[in-house]
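Working notes, structure below.
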Amino acid sequence: MLSLKTKITFSFALLIFMLIVAGLMSLSEFKKVSSSADQIIKNKYASIEQSKSILESLEHENTGLLMFLAGNMEEGMKIISESDSTIQKIIAETTASAIEKEEKDYLLTIDEEYQKFHSSVLTACRKANSIPLDERNKLYLTEIHPLFSSVKTAVDVFVEHNQENIISQASFVSQRSKRAIMPALVSIIAAILFSIILNFFINEYFVSPIKKITEAVSSFYPEQYNLNIKINSKDEIKELEKEINKMILRLQRSRSQNE
Amino acid sequence: MKAKIIIKYLGFVLLFNAIFLFISAGISLYLHETSYVPLLFSAFMCTILGTLPQIFVETPDEVSFHEGLSISVLGWIITCLIGTIPYFLWGGEFSFANAVFESVSGFTTTGSTILNDIEVLPKGLLFWRASTHFIGGVGIILFVLLILPDKRGIQSSIYHSEVSGLSMMNFKTKTKEIGNIIVIVYCSLVLLETVLLKLLGMEWFDAICHSFATVATGGFSTKNLSIAYYNNIWIEITIMFFMLVSSIHFGLIYATILGKKFNIFTSKITRTYIIAIFIGILLVALQLTHEHVYDFNNSLRYASFQVITLATTTGFATADTPNWPIFSILILIYYTIQCGMVGSTSGGLKFDRVYLFFQSLIKQLKLAKHPNGVYAVKVDEITISNEVELQTVVFILLYILTFSVVALLLTAMNIDGITSFSASIATIGNVGPGFGGVSSLGNYAGLPDTAKYLLSINMLLGRLEIVNVIVFLTIITRRK
């Protein structure tokens, strides 16, 4: 059987181990939650910002085309090619950093719509020299502007998707936070339970036997040959009881020898 | 009654649960699932709380009947509470009330669920869910006793609190060996069914989970559509066979395997039980055919499965029974009340008590006709004493009283009559599915939280056979 010291040390080691396990699990879950929340917010925020840049560059390209059609061809063409390279770059970067397949599908749609718009812009620029100004305006309104609107709509849908995603991810993060805090809460309850049981055992195996021995010693009368108590454990307290009984026996023997 | 002895054995119960929690956490960890933290955490909690009493309390020399009873009742309650933790920590559909309900339903092998979507659960958590059936099937206390050394009849005094006296009659052996026989038969049936289900096309994981649920007569499936998902007649036949076998006295199964004279085929009560089930199947199948619900072949197929699954208190499903004609529903409700045989994994009233009740009734009628006659009630050549007869009648009355009160309380919560009545019978009988809002392909999710707690208590009462709980409560109140 284990000694008193071992029992108490072992019990407290268990309690500490339980709290460490709970703490580590809560911390690890919190770390996951915070890193996933951080990643989601950064990723979605970046996507929304890049979508705004696409829209801005798209407006520029549209302005460049209008300038080209109005006769400011050199400046117009410069703006068109600058905007095109910016948009292509943003789409490529956003696609590379996209996590979900759905996000990639949205970007593919934007790219397809933009390619249609851009090729119609280039076609209009080629035709511009051979047609009068009012024809150019008609060409813009009937063929190019609807494609421009389609690209804008595709970008708006993508922004909306990202905004919805942030809201849904926020509720997921909140659920995970609850899950992360639960090990700590359950371990607090378990620690209380553990302490109650430990208190019961300390009382049963240490306090109560010591009280028994104290009461037996205080009510001891000279004719007794032992303490007349029963200690059920097999630890140091049992040893103490045995030793006291042996001492009483030695004292009684020496007294009877003296008499 | 020494509290430290009770705490020591409850510690063993926690440690036994920890084994299955570690296995489930291992599965989750291997599959990189979200459930590994809740499962691993619960496993550690169980291990730590279970180890503490082992440090302090020495194995006692003897355990009194009251201590044995307290270990049994508290063991079940603690097991059910521990089983709640992984569900609750995982979240999803598991609110605290739902987690308690699912855990109690698993351990008491009821098989009722609050989950609308079972397939969304991680496999680790699904395995834990199936394990609760496996642990609860023959009772966690029995498993604990099996791994402990027997000291001066300790096993016997705890065992008598765990297993009903009626079931001891059919064991032609010493108490010490009974536990071993039950566990050997139980594990062999699980193993055999797992292999057969795998051969019939199930995945290993599903085969193991369904075997746990079948042999424990539980009913938790890994699929939303239960066994109907597979739509495979051979899987249904295999499961029907194992449900039926698992609801028969394990001592008789063991005796049959060993080729002993007194076995399943020579036991009159077992023959009557099987015949009663076949009569039920025939009646339901004929009505389903007559009412043109299905053609005869399908009527026989679905009637066989549904009658066997309810009569054995398993609760799997291959058909949505609330759509069946009222006569068939009433027959199914009768089998929900009757339940399986004593000495098996099925819970509830038990067929043996129904049989004994009718035998006793015949005896009373004979006595009324010939007041001076001497008549005895016999079950498989064993003469039943008047005391056992009286105990049986009292138990049946208590059983009826309990489920009636629970049904009444459910109706007070604005739950419709058929749902309240069938939910109460299905949970106290540890059957699982009922009718109305809690039908075979439905679930208990729609019930209010108070109803879920009430039905959880009902399941525990059914599993612990009511009387044990009453005696335990009187012991506690007397001590106070």
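Chains as they are written, first to last, in the numbering used here: chain A, 83 to 341; chain B, 1075 to 1554.
The beta carbon of each residue, even a glycine, is placed where N, CA and C say it ideally should be.
| query | result |
| --- | --- |
| DSSP state of I1456(B) mapped onto helix, strand, coil | strand |
| Classification of K316(A) by the beta-carbon crowding that lies within 10 angstroms, buried from 16 upward | exposed |
| Where V1448(B) sits in the DSSP three-state scheme | coil |
| Collapsed DSSP secondary structure at Y307(A) in the structure displayed | coil |
| Proximal chain A residues relative to G1210(B), where beta-carbon distance stays under 8 Å | Going along chain A, no residue has its Cβ under 8 Å from G1210(B), so there is no contact; the nearest lies around 22 Å. |
| Local conformation of W1398(B) per DSSP, three classes | coil |
| Close Cβ partners of K294(A) (< 6 Å) along its chain, the five nearest in sequence each way excluded | I311 |
| Chain A within 9 Å of E1132(B), Cβ atoms only | yes |
| Touching by the beta-carbon criterion (3+ pairs, under 8 Å), the stretch 135-144 of chain A and the stretch 255-272 of chain A | no |
| Per-residue contacts from A104(A) into chain B (C-beta, under 9 Å) | F1115, F1118 and M1119 |
| Exposure of S113(A), with buried meaning 16 or more beta-carbon neighbours within 10 Å | Note that residue 113(A) is Lys in the sequence shown here, rather than Ser. Flag for K113(A) reads exposed. |
| Sequence-distant residues of its chain with Cβ nearer than 8 Å to I319(A) (five each side left out) | L86, Y287, F288, P291, I292, I295 and I313 |
| Option nearest V239(A) by Cα separation, candidates T224(A), G158(A), I172(A) and L190(A) | L190(A) |
| Pairwise C-alpha distance: Y1527(B) and I1079(B) | 29 Å |
| The stretch 274-294 of chain A: positions lying closer than 8 Å to chain B by Cβ | L275, F276, I279, L280, F282, F283, E286 and Y287 |
| Reference G1166(B), options L1126(B), I1309(B), L1189(B) and S1144(B), closest by Cα | L1189(B) |
| Min CB distance P1196(B) to chain A below 9 Å | no |
| Supposed close pair R1427(B), I1470(B) - CB separation, criterion 8 Å | 6 Å |
| Per-residue contacts from K1082(B) into chain A (C-beta, under 8 Å) | What K1082(B) touches in chain A: nothing, since even the nearest Cβ is about 10 Å away. |
| Under 9 Å between C-beta atoms of A1302(B) and A1391(B) | yes |
| Y1368(B) in three-state terms, based on DSSP | coil |
| Assigned exposure category for D166(A) - 16 Cβ within 10 Å defines buried | buried |
| Interface residues of the stretch 136-149 of chain A facing chain B [CB-CB below 7 Å] | none |
| Limits of the alpha helix (DSSP H) - the one that A1290(B) falls within | That residue, A1290(B), is in no alpha helix (DSSP H); it is neither H nor E in DSSP. |
| Whether I136(A) touches Y196(A) by CB criterion (9 Å) | yes |
| CA nearest to the CA of E175(A), picked from A128(A), I330(A) and L204(A) | A128(A) |
| Spatially closest choice to G1180(B) from G1210(B), L1199(B) and D1191(B), by CA coordinates | G1210(B) |
| Closest Cα partner of F1477(B) within the set A1442(B), M1533(B), L1515(B) and S1459(B) | M1533(B) |
| Integer Cβ distance of M1317(B) from T1388(B), believed to fall under 8 Å | 5 Å |
| 8 Å contact criterion, which V1212(B) and L1263(B) should meet: CB distance rounded | With 8 Å as the limit, V1212(B) and L1263(B) do not qualify as a contact, their Cβ atoms being about 11 Å apart. |
| S1498(B) in three-state terms, based on DSSP | helix |
| Meets three-Cβ-pair contact criterion under 8 Å: the stretch 1440-1449 of chain B and the stretch 1489-1508 of chain B | no |
| Residues near T1206(B) in its chain [Cβ-Cβ closer than 7 Å; skip 5 each side] | G1157, S1177, G1180 and F1181 |
| Chain A contact for T1125(B) (CB, 9 Å cutoff) | yes |
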